[in-house]
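To start, the structure itself, in structure tokens.
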């Protein structure tokens, strides 16, 4: 209807192409790839948006497992715009298709360019972080922080966390609070470190302090990490209750939707176990002394099992969104760094939420997100 309502297509060419990007993305989401491909084939003829069209057509080829054609389109996109942002978007597409090595090859090419703008240092920090060159990532991100580039502090904190340098991470986050630059970010970062160390009560205190600032920017991250802290404490009932409230405010947070399924299963499992214990005692015909002995043994068994469960959950295993155990950390319970292979802002092992650390889209194509449509904001 929007396209049909454009009376003068030539005079409104840019707007029409913007609408076409929306339409193509809708087709992609409906898996009507042929229709989306037809639109991208038209948009690559655009003087203004050809680079973005090549990028998104390449992404569509990747969805269809046509990686040879995808690579060709990515190269054409870079010929039109070889910004660090485009390199990183290409890398993300390969990551989403479990082809990190192919994506890393593009990132290595990006390192051949010299930074010319303030934001370039942040983008280089991102690239080095993805390539796990943490030393260079730290150098570039410190320069980005000096230039007040959004996202640089959070990503540098992740660099320190990945290398197990929790002291530097804590100092970095504490400086955000002391200097009043981004207080909620600082508390969120300190909470993340506390969760990684297994200090869940301390994490909850930091989260509450961050929420008390009334800064909206990191509220979603803080509220989500509050849920994770309760989950790590094995307080599934409280975690599930807070998740219910969280989803009312952030219904499109897909990670939370998945995590909610796991929490609900744990609550149901816990309630069922408690019900079985009550039934077994009420049905017992043993003498008072036998019951006392049985209760004592049951109590000891329950405490032992709870301790074992807590040790497992807090020291060398966590649960992913599907409720499956994942290894994280060594036998001493020391968690070794963060992992975010899919770049969704969540640690793959602990489940904690870092949020979007990738800053703003400064491409010449405007504020299109990695899916290819305009998000109406300064970030993607």
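In this note's numbering, the protein residues as written are 635 to 1014. Backbone N, C-alpha and C define an ideal beta-carbon position, used for all residues, glycine too.
query = Assuming residue 841 and residue 860 make a contact with CB atoms under 8 Å, what is their CB distance in whole Å?
reply = In the chain shown, the residue the question calls residue 841 occupies position 207. In the chain shown, the residue the question calls residue 860 occupies position 226. Sure, about 5 Å apart at Cβ, within 8 Å.
Evaluate the contact criterion for the stretch 844-854 versus the stretch 809-828: three or more CB pairs, one atom per stretch, below 8 Å. yes
Exposure of residue 711, with buried meaning 16 or more beta-carbon neighbours within 10 Å: Your numbering for residue 711 matches position 77 in the chain shown. It counts as buried.
_C-alpha distance - residue 755 paired with residue 778, whole-angstrom precision_ = Residue 755 sits at position 121 when you count from the first residue of the chain shown. Residue 778 sits at position 144 when you count from the first residue of the chain shown. Straight-line Cα distance between these residues: approximately 5 Å.
_Exposure of residue 751, with buried meaning 16 or more beta-carbon neighbours within 10 Å_ = Translated into positions along the chain shown, residue 751 becomes position 117. Flag for residue 751 reads exposed.
- Item | Residues bridged to residue 768 [DSSP beta-bridge criterion] | In the chain shown, the residue the question calls residue 768 occupies position 134. BP columns for residue 768 are empty, so no partner.
Since residue 757 and residue 718 should fall inside the 8 Å C-beta cutoff, what is the C-beta to C-beta distance between them, to a whole number of angstroms?
Your numbering for residue 757 matches position 123 in the chain shown. Your numbering for residue 718 matches position 84 in the chain shown. The Cβ separation is near 3 Å, so the contact holds.
- Item | Separation of residue 740 from residue 805, as counted between CA atoms | Working through the chain shown from its first residue, we reach residue 805 at position 171. Working through the chain shown from its first residue, we reach residue 740 at position 106. If you take the alpha carbons of residue 805 and residue 740, they lie about 34 Å apart.
*Tell me the start and end of each unbroken alpha helix (DSSP H) in the stretch 694-762 that is at least 4 residues and wholly inside, in chain order.*
701-714, 718-730 and 734-744
Residue closest to residue 1065, alpha-carbon to alpha-carbon, out of 685, 822 and 876: Residue 1065 lies beyond the range of the chain shown here (635 to 1014); nothing can be said about it.
Close Cβ partners of residue 904 (< 7 Å) along its chain, the five nearest in sequence each way excluded: If you number the chain shown from 1, residue 904 lands on position 270. 870, listed in sequence order.
> Leaving out five residues before and five after residue 884 in sequence, what residues of the same chain have Cβ atoms less than 7 Å from its Cβ?
Replying inline: Position 250 of the chain shown, counting from 1, holds the residue named residue 884. Cβ within range, chain order: 854 and 890.
| query | At what residue ranges does the stretch 665-694 contain a whole run of the alpha helix (DSSP H), taking only runs of 4 or more? | reply | 667-677
Inset, instruction - Check residue 904 in the structure and name its three-state DSSP category. - result: One-based indexing of the chain shown puts residue 904 at position 270. Of the three classes helix, strand and coil, the one that applies to residue 904 here is helix, per DSSP.
Excluding the 5 residues preceding and the 5 following residue 762 in the sequence, name in chain order all residues of the same chain whose CB lies nearer than 7 Å to its CB.
Numbered from 1 along the chain shown, position 128 holds the residue referred to as residue 762. For residue 762, where only same-chain residues beyond five positions count, the Cβ hits under 7 Å are 770, 771 and 774.
Would you call the stretch 664-672 and the stretch 691-704 touching, i.e. three or more CB-CB distances under 8 Å? yes
| task | Work out the CA separation of residue 650 and residue 643 for me, nearest whole Å. | result | As a position in the chain shown, residue 643 is number 9, starting the count at 1. As a position in the chain shown, residue 650 is number 16, starting the count at 1. Roughly 7 Å separates the two Cα atoms.
Same chain, Cβ closer than 6 Å to residue 872, neighbours up to 5 away in sequence not counted:
The residue labelled residue 872 in the question sits at position 238 within the chain shown. For residue 872, where only same-chain residues beyond five positions count, the Cβ hits under 6 Å are 864.
Discussion item. Taking only three categories from DSSP, how would you classify residue 925?
Written reply: Position 291 of the chain shown, counted from the first residue, corresponds to residue 925. At residue 925, the pLDDT of 39 sits below 50, so the modelled position is not reliable and the matter cannot be decided from this model.
Practice item. Express the C-alpha separation of residue 846 and residue 789 in angstroms, rounding to a whole number. Key: The residue given as residue 789 occupies position 155 in the chain shown. The residue given as residue 846 occupies position 212 in the chain shown. C-alpha separation (whole angstroms): 24 Å.
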